[in-house]
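Working notes, structure below.
Protein chains: 2
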Amino acid sequence: MKVLTKNTDYAIRALLALAAKKGSYMSAKSIAIEHDIPYQFLRRLLQEMIRHNLIVSKEGVRGGFMMQKDPDEITVTQLIEIFQGKVQVSECMFRKQICGNRANCVLRHEIMRIESVVQSEFEKVTIGKLLRDLEAANQVNPTAATIS
Amino acid sequence: MKVLTKNTDYAIRALLALAAKKGSYMSAKSIAIEHDIPYQFLRRLLQEMIRHNLIVSKEGVRGGFMMQKDPDEITVTQLIEIFQGKVQVSECMFRKQICGNRANCVLRHEIMRIESVVQSEFEKVTIGKLLRDLEAANQVNPTAATIS
DNA sequence: CTTAACTGATACTATATTGATATCAATTAA
DNA sequence: TTAATTGATATCAATATAGTATCAGTTAAG
Numbered sequence: 318m319k320v321l322t323k324n325t326d327y328a329i330r331a332l333l334a335l336a337a338k339k340g341s342y343m344s345a346k347s348i349a350i351e352h353d354i355p356y357q358f359l360r361r362l363l364q365e366m367i368r369h370n371l372i373v374s375k376e377g378v379r380g381g382f383m384m385q386k387d388p389d390e391i392t393v394t395q396l397i398e399i400f401q402g403k404v405q406v407s408e409c410m411f412r413k414q415i416c417g418n419r420a421n422c423v424l425r426h427e428i429m430r431i432e433s434v435v436q437s438e439f440e441k442v443t444i445g446k447l448l449r450d451l452e453a454a455n456q457v458n459p460t461a462a463t464i465s
Numbered sequence: 318m319k320v321l322t323k324n325t326d327y328a329i330r331a332l333l334a335l336a337a338k339k340g341s342y343m344s345a346k347s348i349a350i351e352h353d354i355p356y357q358f359l360r361r362l363l364q365e366m367i368r369h370n371l372i373v374s375k376e377g378v379r380g381g382f383m384m385q386k387d388p389d390e391i392t393v394t395q396l397i398e399i400f401q402g403k404v405q406v407s408e409c410m411f412r413k414q415i416c417g418n419r420a421n422c423v424l425r426h427e428i429m430r431i432e433s434v435v436q437s438e439f440e441k442v443t444i445g446k447l448l449r450d451l452e453a454a455n456q457v458n459p460t461a462a463t464i465s
């Protein structure tokens, strides 16, 4: 069971790169090279993040992408929702489509509890937090800590 | 993001059925009908659970499947591992294949923490616990509470 | 001792998801 | 004017998920 797909994985890395260069534009190409992300794949992810108002773009020469939303306001939960759909434990088993007596389903209680625990754990992790951790590690040993 | 696939979903239901009939054999057919699980699909899941010593089978007429392992010892985490692979947050990002400087990767710490939280939450939920919850609900209202 | 109800094993199909690549138009700084 | 860029799609391959079909072997029961 893989919790983060490449989509989300790459998106986190790209956001960390942009958050580190806050206030200036960075091209998809440079992000792709810096973090070893397939270029065209990355571009689609960036477009998706624009649509969700996490970042903005500027076209043309010297264009690129820039952080828009406060990195502390971007949670891993949000990124999972964007790229993998909302966190839910079981698609059909405990939901109205299939579960006729939803209210009485004893499993549902457990499932909902876990669902909220998983979500809240991922909500604790923001791009801002990750960036600070990364910068702290770099101060201790400037060459060792990188994202990937 | 779907945490439980049909495999795991159906396996849980089948185990609850077998746990409820502890000590006697139950055919794949009757489990399939009772819980509305595709018959041939279910049979593969049952075979897999035999391989993992959760249940045993008896061939021939009046044969079927029976609980082997103590239901309280069967966790949802185990079932996820069997049918969806070990719970891991990111397949490649933070693992040796890709992550060269694994020890210094600052994301890794967060990721491992979440991984263990998710795992331990699912470990709290055993087939035994679910069955007791189910039986308790049936005592309150004998017709309302079912698995699906 | 035959038959029907079973499991064991495996092959197959369909669909969805994931990961990746390619193309071309539009924009813009130099 | 041109080269570097994003915007928008189309396409493809690999893998995972969900489900179906088939046939051989086993066994209880008539």
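Here the protein sequences come in this chain order: A and B. Letter by letter, the first sequence follows residues 318 to 465 in our numbering. Letter by letter, the second sequence follows residues 318 to 465 in our numbering. Glycine included, C-beta positions come from ideal geometry on N, C-alpha and C.
Through-space distance from residue j to residue i, alpha-carbon basis
{"i": "Ile399(B)", "j": "Ala453(A)", "result": "39 angstroms"}
{"i": "Glu390(B)", "j": "Lys446(B)", "result": "10 angstroms"}
{"i": "Leu451(A)", "j": "Leu396(A)", "result": "19 angstroms"}
{"i": "Ala345(B)", "j": "Arg449(A)", "result": "54 angstroms"}
{"i": "Gln385(B)", "j": "Ser433(A)", "result": "32 angstroms"}
{"i": "Asn421(A)", "j": "Leu321(A)", "result": "Residue placement at Asn421(A) is poorly supported in this model, since its pLDDT is 41, which falls under 50; the coordinates are not used for a value here."}
{"i": "Ile329(A)", "j": "Lys339(B)", "result": "48 angstroms"}
{"i": "His352(B)", "j": "Leu359(B)", "result": "10 angstroms"}
{"i": "Arg430(A)", "j": "Phe439(B)", "result": "10 angstroms"}
{"i": "Thr392(B)", "j": "Ser341(A)", "result": "49 angstroms"}
{"i": "Asn370(A)", "j": "Val406(B)", "result": "25 angstroms"}
{"i": "Lys375(A)", "j": "Met366(B)", "result": "55 angstroms"}
{"i": "Leu333(A)", "j": "Gln436(B)", "result": "27 angstroms"}
{"i": "Leu335(A)", "j": "Pro388(A)", "result": "10 angstroms"}
{"i": "Ile354(A)", "j": "Val404(B)", "result": "24 angstroms"}
{"i": "Met318(B)", "j": "Ala331(A)", "result": "21 angstroms"}
DSSP-derived helix/strand/coil call for residue i
{"i": "Lys441(A)", "result": "helix"}
{"i": "Val378(B)", "result": "coil"}
{"i": "Gln414(B)", "result": "Its pLDDT being 36, under 50, Gln414(B) is placed unreliably by the model, and the measurement read from it follows with that caveat. Note: Gln414(B) maps to coil in three-state DSSP."}
{"i": "Gln456(A)", "result": "helix"}
{"i": "Val404(A)", "result": "coil"}
{"i": "Ile391(A)", "result": "coil"}
Minimum Cβ-Cβ distance from residue i to chain A less than 7 angstroms
{"i": "Met318(B)", "result": "yes"}
{"i": "Leu396(B)", "result": "no"}
{"i": "Gly270(B)", "result": "Residue coverage of chain B in this structure runs from 318 to 465, which leaves residue 270(B) outside it and unanswerable."}
{"i": "Ile431(B)", "result": "yes"}
7 angstroms Cβ cutoff, residue i in contact with chain B
{"i": "Gln456(A)", "result": "no"}
{"i": "Gln364(A)", "result": "no"}
{"i": "Gln436(A)", "result": "no"}
{"i": "Ile348(A)", "result": "no"}
{"i": "Leu321(A)", "result": "yes"}
{"i": "Gly402(A)", "result": "yes"}
{"i": "Ser374(A)", "result": "no"}
{"i": "Ile399(A)", "result": "no"}
Contact test: residue i Cβ vs the ligand SAH heavy atom, cutoff 6 angstroms
{"i": "Ile391(A)", "result": "By its list of ligands, the structure shown contains no ligand whatsoever, and the ligand SAH lies outside what it can speak to."}
Element boundaries [beta strand (DSSP E), containing residue i]
{"i": "Ser341(B)", "result": "No beta strand (DSSP E) contains Ser341(B), which DSSP labels as neither H nor E."}
{"i": "Leu321(A)", "result": "319 to 321"}
Limits of the alpha helix (DSSP H) - the one that residue i falls within
{"i": "Glu471(A)", "result": "The shown model of chain A, from 318 to 465, leaves out residue 471(A), and the question about it has no answer."}
{"i": "Lys346(A)", "result": "345 to 352"}
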